[in-house]
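Visitor: Numbering (our numbering), first residue to last: 72 to 355.
Positions of the beta carbon are idealized from the N, C-alpha and C atoms, including for glycine.
Quick one: the structure is below, and I'll ask about it shortly.
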């Protein structure tokens, strides 16, 4: 990786002017219609799909049950995630097959704002700028706090809830800043994936090969009941960590064989764990 080059580009952007509030967020809103509504809206309401859900690890992070924010419930939880039929929040586990995933019956769906037909697809937003400025300034506390607050205000979190959360926000250092950036990048998966590959954070994801227990409280009539299930994340691709890249399409060899072979040779292989040139080997 070329950290000096990245710093130069960021310094140049700062001179020319960067986002200063959520009013500057670059996003495009979809139409309030079945034809041109947001993709998640169309999948859920038009195509009647319910085969997608926030992940177990992400919901547990928001609930304060995972990672360095233990015990601190994130007020974005009920916005990002809808309560299940029992009024509780549970993400869907990852496992070795769809069949095993389907044995879990208590997952929450995405929240109303996420599924809205007029949802805005974000290109870049002020909170991301704040987290970048925190990083390039040695994990600066002020910019870190501004990033968290900006994300919450963007999603419409109540002001009193923001103040309460910020009063208990753990101090800035690399893991905390990057984990909060990951939370703020909800619905921007490619950006979050880039940061994961670049920094190794967050460390809250379920790793390939990991076996873990999921304990769920559900209502059996009027009686709260607990059940525990064990899952193992065994991806269909042989990976020991998060994927580094997506493999080239199969038809690439028929239209661009010479350059494809050169690229694969230069990279050291065409596998999902072949590192990108800008990645530093990291223990995820």
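#1: Would you say residue 185 and residue 124 are within 8 Å of each other, going by their C-beta atoms?
#2: Between residue 188 and residue 103, which are expected to be in contact by the criterion C-beta below 8 Å, what is the C-beta distance as a whole number of angstroms?
#3: I'd like to know if the segment 84-96 and the segment 215-234 are in contact, where contact means that at least 3 CB-CB pairs between them fall below 8 Å.
#4: How is residue 353 classed by DSSP in three states: helix, strand or coil?
#5: Can you name the residues that DSSP bridges to residue 300?
#6: Identify which residue in 145, 244, 208 has its Cα closest to the Cα of residue 135.
#7: Buried or exposed: residue 302, going by 16 or more other Cβ atoms within 10 Å of its Cβ?
#8: Rounded to a whole number of angstroms, what is the C-alpha to C-alpha distance between residue 270 and residue 291?
#9: Which complete alpha helix (DSSP H) runs does the segment 182-244 hold, if anything under 4 residues is left out?
#10: Considering only DSSP beta bridges, list what residue 100 is partnered with.
#11: Taking the continuous alpha helix (DSSP H) assigned at residue 128, which residues delimit it?
#12: So for residue 149, helix, strand or coil by DSSP?
#13: Contact check, residue 205 vs residue 166 under 8 Å by CB: the rounded distance?
#14: Starting from the Cα of residue 372, find the closest Cα among 208, 211, 196 and give me that residue.
#15: According to DSSP, is residue 290 part of a helix, a strand, or is it coil?
#16: Going straight from the alpha carbon of residue 157 to that of residue 175, what length do you get?
#17: With H, G and I counted as helix, E and B as strand and the rest as coil, what does DSSP make of residue 295?
#18: Does the beta-carbon of residue 347 have 16 or more other beta-carbons within 10 angstroms, so that it is buried, or is it exposed?
#19: Once DSSP output is grouped into helix, strand and coil, what is the label at residue 163?
#20: Excluding the 5 residues preceding and the 5 following residue 353 in the sequence, name in chain order all residues of the same chain whose CB lies nearer than 6 Å to its CB.
#21: Put residue 277 into one of helix, strand or coil per three-state DSSP.
#22: Note down, in chain order, each residue of its chain lying with its Cβ closer than 6 Å to the Cβ of residue 308, except the 5 sequence neighbours on either side.
Guide: According to the structure shown:
#1: no
#2: 5 Å
#3: yes
#4: Any reading at residue 353 must be qualified, since the residue scores a pLDDT of 46, below 50, and its modelled position is unreliable; no value is offered.
#5: 285
#6: 145
#7: buried
#8: 44 Å
#9: 183-186, 197-207, 212-225, 230-238
#10: 191
#11: 127-133
#12: helix
#13: Rounded, the Cβ-Cβ distance is 35 Å, inconsistent with contact.
#14: In the structure as shown, the chain starts at 72 and stops at 355, and residue 372 therefore has no counterpart that could be examined.
#15: strand
#16: 14 Å
#17: strand
#18: exposed
#19: strand
#20: With a pLDDT of 46 at residue 353, under the threshold of 50, the modelled position of that residue is not reliable, and no figure is offered here.
#21: coil
#22: 343
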